[in-house]
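Number of protein chains: 2
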Amino acid sequence: MTRYQYLASVISQRIEQGLYPVGVRLPSIRVLSKEHGVSITTVQQAYRELEEQQWVEARAKSGYFVAHRKIRPELPACCNATQCSLTIPQWDRVLEMVNPVKTGEIALGFAAPDITSSSLKPLTQALSRISQRHSLRAFDDEDIRGCAELREQIARLLIDSGSHMDASDILITDGCREALSIALRCICKPGDLVAVEKPSFHAGIQLLHGLGMNLLEIPTDPAAGISVDALELALEQWPIKAILVTPTVNNPLGFSMPVERRRALLRLAQEHDVAIIEDDTYGELSYPYPRPASLTSMDDTGNVLLCSSFSKTLAPGLRVGWMAPGSYMNRAIHMKYISSGPTAGLPQLAIVDFIKQGHYLQHVRRMRSQYQHNRDLMTRWVSDFFPCGTRISRPQGGFLLWVELDKRIDAQWLNEKLSELNISIAIGAVFAAAGRYDSCLRLNYARELTDEIKQAIRQIGRLIQRRMDENE
Amino acid sequence: MTRYQYLASVISQRIEQGLYPVGVRLPSIRVLSKEHGVSITTVQQAYRELEEQQWVEARAKSGYFVAHRKIRPELPACCNATQCSLTIPQWDRVLEMVNPVKTGEIALGFAAPDITSSSLKPLTQALSRISQRHSLRAFDDEDIRGCAELREQIARLLIDSGSHMDASDILITDGCREALSIALRCICKPGDLVAVEKPSFHAGIQLLHGLGMNLLEIPTDPAAGISVDALELALEQWPIKAILVTPTVNNPLGFSMPVERRRALLRLAQEHDVAIIEDDTYGELSYPYPRPASLTSMDDTGNVLLCSSFSKTLAPGLRVGWMAPGSYMNRAIHMKYISSGPTAGLPQLAIVDFIKQGHYLQHVRRMRSQYQHNRDLMTRWVSDFFPCGTRISRPQGGFLLWVELDKRIDAQWLNEKLSELNISIAIGAVFAAAGRYDSCLRLNYARELTDEIKQAIRQIGRLIQRRMDENE
Chain A
1 MTRYQYLASV
11 ISQRIEQGLY
21 PVGVRLPSIR
31 VLSKEHGVSI
41 TTVQQAYREL
51 EEQQWVEARA
61 KSGYFVAHRK
71 IRPELPACCN
81 ATQCSLTIPQ
91 WDRVLEMVNP
101 VKTGEIALGF
111 AAPDITSSSL
121 KPLTQALSRI
131 SQRHSLRAFD
141 DEDIRGCAEL
151 REQIARLLID
161 SGSHMDASDI
171 LITDGCREAL
181 SIALRCICKP
191 GDLVAVEKPS
201 FHAGIQLLHG
211 LGMNLLEIPT
221 DPAAGISVDA
231 LELALEQWPI
241 KAILVTPTVN
251 NPLGFSMPVE
261 RRRALLRLAQ
271 EHDVAIIEDD
281 TYGELSYPYP
291 RPASLTSMDD
301 TGNVLLCSSF
311 SKTLAPGLRV
321 GWMAPGSYMN
331 RAIHMKYISS
341 GPTAGLPQLA
351 IVDFIKQGHY
361 LQHVRRMRSQ
371 YQHNRDLMTR
381 WVSDFFPCGT
391 RISRPQGGFL
401 LWVELDKRID
411 AQWLNEKLSE
421 LNISIAIGAV
431 FAAAGRYDSC
441 LRLNYARELT
451 DEIKQAIRQI
461 GRLIQRRMDE
471 NE
Chain B
1 MTRYQYLASV
11 ISQRIEQGLY
21 PVGVRLPSIR
31 VLSKEHGVSI
41 TTVQQAYREL
51 EEQQWVEARA
61 KSGYFVAHRK
71 IRPELPACCN
81 ATQCSLTIPQ
91 WDRVLEMVNP
101 VKTGEIALGF
111 AAPDITSSSL
121 KPLTQALSRI
131 SQRHSLRAFD
141 DEDIRGCAEL
151 REQIARLLID
161 SGSHMDASDI
171 LITDGCREAL
181 SIALRCICKP
191 GDLVAVEKPS
201 FHAGIQLLHG
211 LGMNLLEIPT
221 DPAAGISVDA
231 LELALEQWPI
241 KAILVTPTVN
251 NPLGFSMPVE
261 RRRALLRLAQ
271 EHDVAIIEDD
281 TYGELSYPYP
291 RPASLTSMDD
301 TGNVLLCSSF
311 SKTLAPGLRV
321 GWMAPGSYMN
331 RAIHMKYISS
341 GPTAGLPQLA
351 IVDFIKQGHY
361 LQHVRRMRSQ
371 YQHNRDLMTR
381 WVSDFFPCGT
391 RISRPQGGFL
401 LWVELDKRID
411 AQWLNEKLSE
421 LNISIAIGAV
431 FAAAGRYDSC
441 LRLNYARELT
451 DEIKQAIRQI
461 GRLIQRRMDE
471 NE
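Structure, rendered in structure tokens:
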């Protein structure tokens with residue numbers, strides 16, 4: 001991301017947050033140049049970018065003003081799911097999704113971060129240096145809880161989410177998936193009922209399936225998160241054992257739950273004495289900074305289990321996640337012991353080094369800007385190239401866009417057509433146990449949005465349009 | 001291991017296998033020097049070592065002869081466990097065992113291999129080189145089954161165990177523990193009954209506990225493995241869903257099951273249509289070469305699931321294991337997906353490199369010799385320093401000795417006393433759900449057996465002797 005793109009993203013974020021209302025005059029080029037310590041040309045380029053994205057408009061001799069933006073694409077609809085305990089199918093479709101990428105494929109379906117950023121260089125250097133300097137003994141973490149130094153660093157990072165923990169509150173896991181698996185097994189037995197957002201992350205759904213648990217899907221607002229009213233009703237009617245939510249930078253919807261709703265959710269769980277499993281994998285990639293406080297940080301009962309990882313902030317291939325299991329620590333250690341034993345030491349040591357040298361926060365900051373910039377661009381492409389009436393999520397962080405097509409379009413059909421063009425998407429159907437998302441899809445905008453990707457989005461749009469024309 | 005130690009271990013192995021019967025004259029120093037391409041001094045040193053270990057005796061002017069060895073310590077007794085379904089306690093004691101090693105502690109309780117061997121150097125070099133050359137992209141194994149090249153190499157290595165597989169039969173896991181966890185969940189539901197050896201590896205017992213399964217402990221002969229008769233009786237009386245066994249280089253007993261008993265076990269399982277989970281973690285560390293054929297290689301029903309890893313042959317900290325789940329592959333992939341997602345890529349790539357350059361087989365060969373040499377030495381120390389009547393296992397591979405003390409000695413008490421001396425052992429009690437092993441312990445002899453370790457064994461022996469004197 002260049003300097004001017006960064007500046008543009010700062011300004012668009014301020015506009016979005018309402019700091020600069022529509023019609024207001026923006027700071028002059030000279031002022032911005034001074035404020036940000038960049039050249040006049042850079043500011044001019046930033047404003048041109050913002051103009052192109054319809055955030056601002058230039059008025060002759062007066063400067064730049066916040067524009068009345070073209071009507072924003074509507075958010076996806078909130079699904080009023082019937083509340084009933086469901087068993088989970090769809091593994092075949094998930095398996096298709098997790099197949100390796102074919103050569104030359106434009107893979108828009110994975111939830112992979114951009115791991116080509118030069119700001120990750122010190123991490124590979126640390127991996128190399130540590131493997132060179134130390135014998136294998138250094139990688140043999142005999143502590144089932146994981147490397148103590150890394151747990152300390154994570155405790156420090158968690159301050160941003162409002163939590164005050166120390167190393168002993170944290171357990172290192174093989175990615176967030178193991179953390180979630182352990183958290184669920186800390187609280188529930190097979191046959192137990194778990195409330196989840198609808199839609200929700202497909203691995204979570206498959207996890208429940210694989211562990212023999214049942215799920216209850218709760219209607220979830222694409223802008224504000226799980227419906228607390230619907231959840232309350234469900235808690236009264238069903239023997240729910242745990243609530244599994246992703247309140248900050250939700251996957252797939254991208255929302256961050258407003259603080260009031262967080263409080264209400266926590267109160268409700270406490271009243272019913274039900275544990276909350278908080279998936280915070282994307283939390284640090286929240287565009288607004290400081291990021292929203294986690295549910296875990298607001299809780300004082302020990303009944304909220306935080307699960308997260310370095311998979312989205314650094315790289316999934318490191319397989320380093322963690323959890324703060326609250327009052328369930330002893331049971332969590334047991335589950336970790338039987339799930340895979342201690343987590344590999346080398347990537348843990350490299351991450352410690354990366355954080356301590358200050359590279360981590362710098363990298364995450366950079367990624368946040370890049371992803372926010374890419375969100376705006378991808379949103380524009382989808383609203384430009386997809387048929388009228390397409391609904392698009394408004395992610396508050398991360399790199400995943402949720403798109404709701406006309407009801408007549410089946411995303412599975414679309415994906416099959418796209419595979420002929422060597423393009424792949426994530427189909428909506430796998431994000432819920434009981435259908436309803438057949439005409440939805442999820443797109444990844446993590447990497448540099450090249451012209452090739454632009455053309456791919458255009459091709460997807462054309463296919464959809466043609467299908468709709470045929471159906472009329 | 002020096003040249004003369006290697007030569008000594010070759011000769012003692014031949015004696016043990018009965019190639020040189022007691023009283024027979026051994027090859028002359030000159031002949032051995034020529035045969036092995038080593039100096040006369042080396043052969044002399046080897047014979048001196050063998051003399052000290054009481055394998056051979058020198059007769060003036062006639063050379064060396066196979067000695068009548070001092071009466072071998074008796075093998076531990078076979079436990080005639082009451083056959084009943086058991087739930088599993090003891091997690092607290094296992095947790096104590098998995099605590100990190102204290103500084104200066106002589107830790108004889110862990111099942112850790114020797115990872116200080118110079119033959120592992122090319123592995124750390126590969127880790128370093130690969131992290132330097134490649135971007136993080138290389139480590140992101142998008143294939144949930146693991147790196148295809150590694151699976152291919154593993155298939156080749158499996159030829160030694162009699163199996164003919166290809167890459168598609170193999171699933172990479174985060175260590176053998178995850179493989180076992182996946183295998184159990186492929187076959188059993190919580191509440192189901194699994195037959196295991198008595199005694200058996202404590203992590204396996206904890207696994208069953210953590211997965212909510214019940215276990216049935218089958219009497220197991222310290223020299224020949226699980227009692228097929230007892231198992232048959234159990235299969236007739238109980239609804240057993242799976243049999244979990246470690247037939248090759250058993251942990252903790254060290255035996256390798258004779259081929260006839262393997263066949264009988266397999267036949268029995270097939271008759272009752274019960275799956276076998278074969279833990280082969282130590283299989284490649286079998287002293288006799290070629291190693292015994294695995295149960296998996298003898299099966300043609302797809303109902304035997306092989307679980308193994310590089311944790312004992314290379315280093316546990318790599319966290320790379322694998323399984324060949326037979327006809328359960330699809331379900332195993334699902335379980336892997338929900339357990340931890342794909343396994344980390346970097347160690348997989350480094351292991352591929354290590355195997356392809358020929359370092360792997362060389363390293364394993366070297367370790368086998370070292371461990372066999374250490375077994376003989378550790379066995380001598382224990383029989384010299386521990387009270388009369390101590391029973392000692394006769395490991396056929398690996399680096400773990402099982403010791404049965406006088407019934408009056410409680411190993412837990414012993415371990416507490418030892419912790420004052422900064423020595424730790426593995427207590428027998430955790431190797432079974434229902435007691436019976438309170439006076440047993442397991443000792444690790446992987447690393448170089450220094451004088452410090454010799455003194456530790458002497459101290460353990462003294463403590464036991466004193467306790468017995470007090471009790472009289």
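Heads up: the sequence lines are chains A and B, in that order. Using the numbering used here, read the first sequence as starting at 1 and increasing by one per residue. Using the numbering used here, read the second sequence as starting at 1 and increasing by one per residue. Ideal Cβ placement from N, Cα and C applies to all residues, glycine included. Fair warning: this is a prediction, and the values are worked out from it, not measured in the lab.
When the Cα atoms are used, what is the spatial distance from residue i to residue j?
i	j	result
residue 228 (chain A)	residue 220 (chain A)	9 Å
residue 204 (chain B)	residue 245 (chain B)	10 Å
residue 371 (chain A)	residue 398 (chain A)	6 Å
residue 12 (chain A)	residue 256 (chain A)	18 Å
residue 453 (chain B)	residue 302 (chain B)	45 Å
residue 468 (chain A)	residue 405 (chain A)	10 Å
residue 130 (chain B)	residue 349 (chain B)	8 Å
residue 112 (chain B)	residue 427 (chain A)	45 Å
residue 45 (chain A)	residue 117 (chain A)	23 Å
residue 17 (chain A)	residue 289 (chain A)	11 Å
residue 241 (chain A)	residue 310 (chain A)	28 Å
residue 293 (chain B)	residue 164 (chain B)	12 Å
residue 250 (chain A)	residue 8 (chain A)	25 Å
residue 416 (chain B)	residue 77 (chain B)	25 Å
residue 503 (chain A)	residue 173 (chain A)	Here chain A covers residues 1 to 472 and nothing more, so residue 503 (chain A) does not appear.
residue 49 (chain B)	residue 387 (chain B)	25 Å
residue 522 (chain B)	residue 261 (chain B)	Given a span of 1 to 472 for chain B in the structure shown, any question on residue 522 (chain B) remains unanswerable.
residue 149 (chain A)	residue 100 (chain B)	14 Å
Using only CA atoms, which one of the options lies nearest to residue i?
i	options	result
residue 346 (chain A)	A:264, A:132 and A:334	A:132
residue 92 (chain A)	A:328, A:275, A:414 and A:206	A:206
residue 105 (chain A)	A:425, A:19 and A:466	A:425
residue 474 (chain A)	B:195, B:210 and B:271	Nothing about residue 474 (chain A) can be read from this structure; chain A reaches only from 1 to 472.
residue 126 (chain B)	B:354, B:441, B:218 and B:154	B:354
residue 53 (chain A)	A:378, A:389, A:422 and A:396	A:378
residue 274 (chain A)	A:261, A:449 and A:299	A:299
residue 358 (chain A)	A:156, A:407 and A:34	A:156
residue 326 (chain B)	B:316, B:278 and B:342	B:278
residue 269 (chain B)	B:233, B:286, B:284 and B:258	B:233
residue 239 (chain B)	B:216, B:147, B:35 and B:76	B:216
residue 253 (chain B)	B:267, B:259 and B:225	B:225
residue 451 (chain A)	A:214, A:381, A:30 and A:6	A:381
residue 266 (chain A)	A:190, A:214 and A:243	A:243
Helix, strand or coil for residue i? Go by DSSP, reduced to three states.
i	result
residue 10 (chain A)	helix
residue 444 (chain B)	strand
residue 423 (chain A)	strand
residue 143 (chain B)	coil
residue 399 (chain A)	coil
residue 38 (chain A)	coil
residue 74 (chain A)	coil
residue 212 (chain A)	coil
residue 368 (chain A)	helix
residue 204 (chain B)	helix
residue 47 (chain B)	helix
field: Any beta strand (DSSP E) of 3 or more consecutive residues that is wholly inside the region 313 to 351 of chain B
entry: 321 to 324
task: Compile a chain-ordered list of the residues in the region 188 to 217 of chain A whose CB is closer than 8 Å to at least one CB of chain B.
output: Those would be 189, 190, 203, 206, 207, 209, 210, 211 and 212, in chain order.
Chain B contacts made by the region 338 to 352 of chain A, where a contact means CB separation under 9 Å: 338, 339, 340, 341, 342, 343, 344, 345, 346, 347 and 350
- prompt: Taking Cβ-Cβ distances below 9 Å as the criterion, which residues of the region 301 to 320 of chain A are in contact with chain B?
  reply: 311, 314, 315, 316, 317, 318, 319 and 320
- request: May I ask you to list, following chain order, the residues of the region 87 to 117 of chain A that have a beta carbon less than 8 Å from some beta carbon of chain B?
  value: 91, 94, 95, 98, 99, 100, 101, 110, 112, 115 and 116
- prompt: What alpha helix (DSSP H) runs, 4 residues minimum, are completely inside the region 256 to 305 of chain A?
  reply: 259 to 271 and 295 to 298
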